[in-house]
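Peer 1: Add 179 to the 1-based position in the sequence shown for the working numbering, that's all there is to it. Even for Gly, the Cβ is constructed at its ideal location relative to N, Cα and C. Values in this document were obtained by computation on a predicted structure and should not be read as measured data. I'd like to ask you about the structure that follows.
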Amino acid sequence: MAPATTLPKFAVFKSGANKYMTYVADDASEKCVAVRPNEAWSPRCKFEVVPSTVHPTMVHIRCSYNNRFLQRLSEAKRWIAALALEPEDNQTLWSSTLFQPEFAPNDPMGMVRLLHVQLGRYAHWHDNANKYVTAEEWNPADPKTPFQVIDWGTLVTLPKHLAFRGDNRLLLGLRAGVQVLQFAFSDEKDETVANQIVPQPDGTFRIKNVSRKAFWRANTPSGYQHTYIWADDVTTADNHTLHSSFAAVKVNDRTVALRNLGNNLFTRRYSYQITDGLTTIDSQITAVNHLELVELVASRRIKNIKFHLGESWVHDETPNVVLNEGEEVRNETDETQDIEVEISYLDKTSSTWMSTSSSFKVGPAVRVQPPQIPYVTDSSVVEMTSPFAPSYVWGETTAENPDQVKVHEVTLPPWTMVTVKLLATKATCDVPLTYTRYDKVKGREEVHIMEDGLYTGTNYFDFTFEESLPQPIPKEDE
């Protein structure tokens, strides 16, 4: 068997029906996975491959949407569901999360079959209305058992409305009466520099020049010695060629390199027969291939945030964090006293709001003002509470350190003293969320229903007090 490391750390599994293994998060599905006509970059299609620490060729597969491992739905059912909080290496238990990847030899498509180890049967998808994935197929030759593995790290999702800036600091656009793209413009409001990204289900995309209403295409017309990118393709999604399809490689938070799928070469600014055109001649990425993204959205709002607490998880739990240096409490009387002490501490919290499908930091800043936010209340429970801050910037981390007070009562014998420390557990929760995004583009507002949101919050909980042993206080007259 091939080692488990043959699979990427994060993977998308594409079925033979050109549909993707997807986590179905509705009440009727019971957290099962199915093959659905989703886009490859959907957060519900992302799975983490975790090599077994006991069986070198086997893996556990964790759904990234709810951070739970795939296993059988129950002892009586063979549906595959994202239920297990921890990996289970025991092959004899029905709740085992072990899968044995079996690769087709010399297969350039990277096809793999997933053998459910405990059942000794292959995961396969059903060709019915639900298309759930079950582990009940004996025959590895069944056409519904193989999945093509796509490395999630190769999927780069671009914003919809974009202009591209080249290494000469000019924008890519079209001169009057010319269909070839050139780096010759400085005004982001020039209509010829505006493009729309049209995503394809497999994570690639087409690029449509807005002014020409035509897609980019790699072309070498008669009389030209190099392949340049022209905005002249008006074919539909069903019959376009690979020469009008592209993939992106992320360089940094604002920059990409574009690869044309027709010749598998990267684009760059180039001047030969065409001044500062966009050509495809490089097989490796260097600085000349970098394109800066300019998102052409005037303003953005995010509303209707809905947290999915049932899909949340708690991690990075740290118990017994000391929150104060120690508060001294003294009883300088001749009688036992119950003394209330107020202990001040910094309630360090943080909140991060992000979109998991895109990691680029372009476009307008967005603030969100949720009426409540998730809060860790114990090691496995997330509840809603009032927000720590009045508003939050989407895509950034907001840290809060408000002064808080806890009250503790100490019973002290006469003429004794103790030191009281405040301790707590610190933990982080991740909570998937859906939201509505409103984009203002050229005076009109576009509405997008998004399911790629993720909230990450850190807070203290489970507060306890630690008292030192009482120490005597000398009386002043002694």
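Would you say the stretch 360 to 380 touches the stretch 388 to 406, given that touching needs at least three Cβ pairs under 8 Å?
Peer 2: The stretch 360 to 380 vs the stretch 388 to 406: in contact.
Peer 1: Work out the CA separation of N442 and S450 for me, nearest whole Å.
Peer 2: Counted from its first residue, the sequence shown places residue 450 at position 271. Counted from its first residue, the sequence shown places residue 442 at position 263. Taking the straight line joining both Cα atoms gives about 20 Å.
Peer 1: Please report the straight-line C-alpha distance between V610 and W532, rounded to a whole angstrom.
Peer 2: Against the sequence shown, residue 610 aligns to sequence position 431. Against the sequence shown, residue 532 aligns to sequence position 353. Each residue's alpha carbon lies about 10 Å from the other.
Peer 1: Mark R438 as exposed unless 16 or more other C-beta atoms lie within 10 angstroms of its C-beta, in which case mark it buried.
Peer 2: Position 259 of the sequence shown, counted from the first residue, corresponds to residue 438. Buried, by the Cβ-count rule.
Peer 1: Give a yes or no on contact between the stretch 449 to 466 and the stretch 479 to 498, applying the rule of three or more CB pairs nearer than 8 Å.
Peer 2: Output reads no: the stretch 479 to 498 does not touch the stretch 449 to 466.
Peer 1: Pick from F644, A363, N418 and G402: whose alpha carbon is nearest that of Y524?
Peer 2: Along the sequence shown, read from residue 1 onward, the residue named residue 524 stands at position 345. Nearest option by C-alpha distance: F644.
Peer 1: Rounding to the nearest angstrom, what Cα-Cα distance links L349 and P338 in this structure?
Peer 2: Residue numbering aside, residue 349 sits at position 170 when the sequence shown is read from its first letter. Residue numbering aside, residue 338 sits at position 159 when the sequence shown is read from its first letter. One C-alpha to the other measures close to 20 Å.
Peer 1: Please work out which residues of its chain come closer than 8 Å, Cβ to Cβ, to V586, disregarding the five sequence neighbours upstream and downstream, and give them in chain order.
Peer 2: Here residue 586 refers to the residue found at position 407 of the sequence shown. E519, V520, E521 and I522, listed in sequence order.
Peer 1: Tell me, to the nearest whole angstrom, how far the beta carbon of D455 is from that of Q361; I am working on the premise that it is less than 8 Å.
Peer 2: Within the sequence shown, the letter at position 276 stands for residue 455. Within the sequence shown, the letter at position 182 stands for residue 361. Confirmed, Cβ separation roughly 5 Å.
Peer 1: In chain order, what residues of the same chain lie with their CB nearer than 6 Å to the CB of D495, ignoring the 5 residues before and after it?
Peer 2: The residue you call residue 495 lines up with position 316 of the sequence shown. Cβ within range, chain order: T607.
Peer 1: Check whether the stretch 305 to 318 and the stretch 244 to 260 are in contact - that is, three or more C-beta pairs closer than 8 Å.
Peer 2: Three or more Cβ pairs closer than 8 Å define a contact, and the stretch 305 to 318 meets that threshold against the stretch 244 to 260.
Peer 1: Kindly examine the ligand PLP and report whether one of its heavy atoms sits closer than 7 Å to the Cβ of S559.
Peer 2: Ligands are entirely absent from the displayed structure, and the ligand PLP is therefore not among its contents.
Peer 1: How do the stretch 392 to 408 and the stretch 225 to 242 stand: do at least 3 beta-carbon pairs fall below 8 Å, yes or no?
Peer 2: no
Peer 1: Within its chain, find whatever has a CB closer than 7 Å to the CB of V547; leave out the 5 residues flanking it on each side and keep chain order.
Peer 2: Within the sequence shown, the letter at position 368 stands for residue 547. Excluding sequence neighbours, V547 sits near I481, I484, W532, S570, Y571 and W573.
Peer 1: Looking at C-alpha atoms only, which residue of A393, T590 and V214 is the closest neighbour of N307?
Peer 2: On the sequence shown, position 128 is the one that residue 307 refers to. Residue V214 is the option with its Cα nearest to N307.
Peer 1: Could you name the residues of the same chain whose beta carbon sits closer than 6 Å to that of N246, not counting the 5 residues immediately before and after it, in chain order?
Peer 2: Counting from 1 along the sequence shown, the entry for residue 246 is found at position 67. Same-chain partners within the cutoff: W492.
Peer 1: Quickly, what does DSSP pair A427 with across the bridge? List them, please.
Peer 2: For the purposes of this step, residue 427 is taken as residue 248 along the sequence shown, with counting starting at 1. The partner list for A427 (beta bridge, DSSP) reads L437.
Peer 1: Under three-state DSSP, which class holds G489?
Peer 2: Your numbering for residue 489 matches position 310 in the sequence shown. Residue state, collapsed to three classes: helix.
Peer 1: Under 8 Å Cβ to Cβ from S558, same chain only, skipping five residues before and after it: list those, please.
Peer 2: Taking the sequence shown and counting its residues from 1, the one referred to as residue 558 is at position 379. The residues are V493, E496, T604 and A606.
Peer 1: Measuring only the C-alpha atoms, how far is F640 from P581?
Peer 2: Here residue 640 refers to the residue found at position 461 when the sequence shown is read from its first residue. Here residue 581 refers to the residue found at position 402 when the sequence shown is read from its first residue. So the two alpha carbons sit approximately 15 Å from each other.
Peer 1: Name the residue from P284, R223, D411 and H405 whose alpha carbon lies nearest to the alpha carbon of F394.
Peer 2: Here residue 394 refers to the residue found at position 215 when the sequence shown is read from its first residue. Among P284, R223, D411 and H405, the Cα nearest to that of F394 belongs to D411.
Peer 1: What did DSSP end up calling A219 once you bin it into helix, strand or coil?
Peer 2: Residue mapping note: residue 219 aligns to position 40 of the sequence shown, counting from 1. The answer is coil: DSSP assigns A219 none of H, G, I, E or B.
Peer 1: Is V541 helix, strand or coil when you go by DSSP?
Peer 2: Here residue 541 refers to the residue found at position 362 of the sequence shown. V541 falls in the coil class under three-state DSSP.
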